[in-house]
Each structure stands twice: as structure tokens, then as C-alpha cells.
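Reminder that position 65 of the sequence shown reads as 332 in this note's numbering, one-by-one numbering, no gaps. In this text, a Cβ means the ideal position worked out from N, Cα and C, and glycines have one as well. Small disclaimer: the values here were computed from a predicted structure and weren't measured. Following: one structure in C-alpha cells, then a few remarks.
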Amino acid sequence: MKVDLFDFELPDDRIALHPVSPRDSAKMLIVGPDGALSDRVVTELTDILRAGDVLVVNDTRVIPADLKGVRHRGDYTANVSFNLHKRENGNTWRAFARPAKRLKEGDRVVFGATSEVCLLDELCATVKAVSEGEVTLAFDFSDAVLDEAIKARGAMPLPPYIGAKREIEARDAEDYQTVYAEHDGAVAAPTAGLHFTEELLARLEAMGVSIEHVTLHVGAGTFLPMKAEDTADHKMHAEWGVVSSETVARIEKAKARGGRVVAVGTTSLRLLESAARETGTLRPFSGDTDIFITPGFAFRVVDILMTNFHLPRSTLFMLVSAFSGLETMHKAYKHAIDNAYRFYSYGDSSLLFKARS
268 MKVDLFDFEL PDDRIALHPV SPRDSAKMLI VGPDGALSDR VVTELTDILR AGDVLVVNDT
328 RVIPADLKGV RHRGDYTANV SFNLHKRENG NTWRAFARPA KRLKEGDRVV FGATSEVCLL
388 DELCATVKAV SEGEVTLAFD FSDAVLDEAI KARGAMPLPP YIGAKREIEA RDAEDYQTVY
448 AEHDGAVAAP TAGLHFTEEL LARLEAMGVS IEHVTLHVGA GTFLPMKAED TADHKMHAEW
508 GVVSSETVAR IEKAKARGGR VVAVGTTSLR LLESAARETG TLRPFSGDTD IFITPGFAFR
568 VVDILMTNFH LPRSTLFMLV SAFSGLETMH KAYKHAIDNA YRFYSYGDSS LLFKARS
């Protein structure tokens, strides 16, 4: 499909720079299976979901993956910023670098320090590869020691459409994290989940909605613009995720009883559909997924999707168009723009119902 089919005009003032407070007071646009639209708020999920439904959340935890360092090459130095986006092994990360042209294989980088050499307790890395704005960094630390060093020196990796408009703030450390975040590894938040509070989750559980956790470590590649003009020519970035056998058993049991699977965010949906892609039924999953969902995709697991409003021409807008129909999504997004919904990470939400086949 031509990528320009997924384009739309978005006024700049619709981009949210901070979340609403409390989180669950955000507006929510309901998109029914017949395309009907209804303006609600997130707290009204207690009126929309029903006992027996399964709410599937992504419990990845965002790490402070925005790092600033000094590149050393002989007597020459240069300041370079990095956004870690995929871990390769215990001490190696792939990262986007700004400006990458200042780096080449073999360079040494010192993070968060003023000295010109790498001392025992400083975070340092060697550039192993450079390619089109992306670098591979081999850190001197590894595993848990590296994790703690990154946390001590990094900042929350705000999306570029927010970072270009304001500085990182102390409140982002909490605002850009879901209340159920547990497993470190994401470098971007599963943003639909930012609308939940502990109180809302407790009310849903009390009415008989079960909460199931999966983990997909969201990569910064989710923000990369699509360069291809046709979806057939686009290659998705890979992200690591896991769906446990216990979670699969409980979801399958709920479905057998007529419960609906409600994916909180495109990350949860992509992981569940990846787990079912080969067999046609949900199975345990652990590994990388690069699933690319466009109109025509056969959804096997998810009945309802709760998601934020996405960028034009993005893979995520393509996904929601596959779920509820391209024409319906254009109508829904126009309604959201006309009615002052807030877009992207800190924005408002939508609840999409898939038409049953």
C-alpha cells in the first residue's frame, strides 16, 4: 500500500507536552466495530469493559537511555549524544547518535565525566560500528553493573516530538513510566498505559476484569520516520518480548468463556499477535518480533485495542487502520483533531473495537 494513504494534517498545538492529572482523566474516543464514535474519558472504562474481559498490559520499564558523552580520538574530543535503543548482549547496545558523523569505529566515549581518561568508576564505551546515524557501543561495564551506571548518568528518553519543544524535566521520570512498570529494558514508554492509575486498575479488577502482564521492550525505532513510499518496502525494527505460558493459559481460558482480550497499547497487541502468528492460536513466546501490521492483517487474539493517537504516515497509524479500517481511522482522527484531543505520548486515548468476523 502507498504510505501517503496514511497521511493527515495535524495542527502543532495538538501535541501534548505533559500528561493530564490525574492520568485517568484523559479524554478517550470510543470507535465501535461499526465505526460509530463516542467521546468519553478513561475512567469510564469501568462502564465499557465487563466481567470476564482480560486487560493485557505491557509491564516493560523505561530506562534513562538518553546519554551524553565525550568522544576521544587521540588528542581530539567532541561532544556526542546517544539514545540507546536495543541491547545486543550484556555489555553491548545499539544507539542513535547525534551527530553520528563525529564517530568512527574504535573511538572511545566517556559518559557523564569531566576527565579525559576513563577512570575506574566512570562509564565508558568503545564504538564498534557506525552506520547511518546508528552506532554499536561496547561498554566497559556489563549486566547489572552497566544497568546501574546507565541509570546514574542517563535521562529519560523523551520522544523527539516532545524533546524538540522542551527540556527534560524531573517529573518525566514518573510521568513517562506506567504505574505497573516492572522489567527494565524499554527506551520508549508503552504510552497507552500511561493513562492508568492504581485506583482505576483496582476498580476494574473488582468488577471482574482480569489484568494480565506481558513484556515488550519498546525500542526508539518506534519513532523513526518511514522512508519507503510503499509499505512493502519497509523493514520494521525488532523488539524483544515475552508472553509466559501462565499468561497464555489464563487468556485462553477467559476467551473460552466469552471474555474479550483488550490490549493496552500497540506494543501489547503486536506481542500477542506475534505469539499467535505461526500457529493461529496463542502460544508462549520469548524473543524478538519485527511484526509489521497493515490493512489486510488477520488478527487472531485481540478484540479491543486501547491506544494513543499516532503520527501520520507511521507504522502505528497503519496498525490501527488495520484493526478498525483506514477510512474509519481517518474519520476518527479528524474528529479527534476537531475536538481538541491531545496527541502522542502524553496525549489522550482511543478505544478501538474490532469488527467480529
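GLY460 and GLY341 have their C-alpha atoms roughly 46 Å apart.
Unbroken alpha helix (DSSP H) stretches of 4 residues or longer found wholly inside the segment 461 to 537: 465 to 473, 512 to 523, given in chain order.
The C-alpha of VAL397 lies about 47 Å from the C-alpha of VAL476. In this structure, ARG537 sits near THR556, with a CB-CB distance shorter than 8 Å. Runs of the beta strand (DSSP E) lying entirely within the segment 328 to 369, each at least 3 residues long, are 333 to 340, 343 to 354, 359 to 365 in chain order. Annotated three-state conformation of HIS285 is coil, per DSSP. When secondary structure is reduced to three states using DSSP, ARG307 falls in the strand class.
The beta carbon of LEU471 is closer than 8 Å to those of LEU312, THR313, LEU316, LEU322, ILE478 in its chain, skipping five residues each way along the sequence.
Secondary structure at ILE435: coil, using DSSP grouped into helix, strand and coil.
In this model, PRO278 and PRO289 are separated by some 25 Å (Cα to Cα). The C-alpha of ALA411 is placed about 19 Å away from the C-alpha of LEU483.
In the same chain as MET493, and ignoring 5 residues on each side of it, the C-beta atoms closer than 8 Å to its own belong to VAL270, HIS501, ARG580, SER581, THR582, in chain order. The three-state reading of DSSP puts SER409 in coil, since its state is none of H, G, I, E or B.
Taking C-beta separations shorter than 6 Å and ignoring five residues to either side along the sequence, the partners of THR458 in its chain run ASN575, SER612, following chain order.
Exclusion of the five residues before and after HIS577 leaves LEU583, PHE584, VAL587 as the residues of its chain whose Cβ lies within less than 7 Å of its Cβ. Annotation: the continuous alpha helix (DSSP H) that includes GLY430 extends over 427 to 430. Counting only residues of its own chain and dropping the five nearest sequence neighbours on each side, ARG567 has a CB closer than 8 Å to the CB of GLU540, ALA543, ARG544, GLY547, THR548, LEU549.
At the C-beta level, VAL485 and PHE463 stay beyond 8 Å of one another. Contact check for PRO286 against ASP451 fails: the beta carbons are separated by 8 Å or more. By the 16-neighbour rule on beta-carbons within 10 angstroms, PRO426 is buried.
Between ARG609 and ILE282, the alpha-carbon positions lie close to 6 Å from each other. Secondary structure at HIS450: strand, using DSSP grouped into helix, strand and coil.
Residue nearest to ASP497 within the set ASP414, HIS352, THR561, ALA565 is THR561 (criterion: CA-CA distance). DSSP, read as helix, strand or coil, puts ASP442 in helix. Contact between the segment 517 to 536 and the segment 342 to 361 is absent, with fewer than three C-beta pairs closer than 8 Å. Cβ contact annotation for ALA505 (same chain, cutoff 6 Å, sequence separation greater than five): ASP555, ASP557, in chain order. Of all alpha-carbon atoms in ARG338, PRO551, ASP388, the one lying nearest the alpha-carbon of VAL510 is that of PRO551.
One Cα belongs to LEU390, the other to ASP414, and the distance between them is close to 11 Å.
Excluding five sequence positions before and after GLU449, the CB atoms of its chain that fall closer than 7 Å to its own CB belong to ASP326, ARG328, given in chain order.
Between the segment 517 to 526 and the segment 289 to 308, the count of C-beta pairs closer than 8 Å stays below three; the two stretches do not touch.
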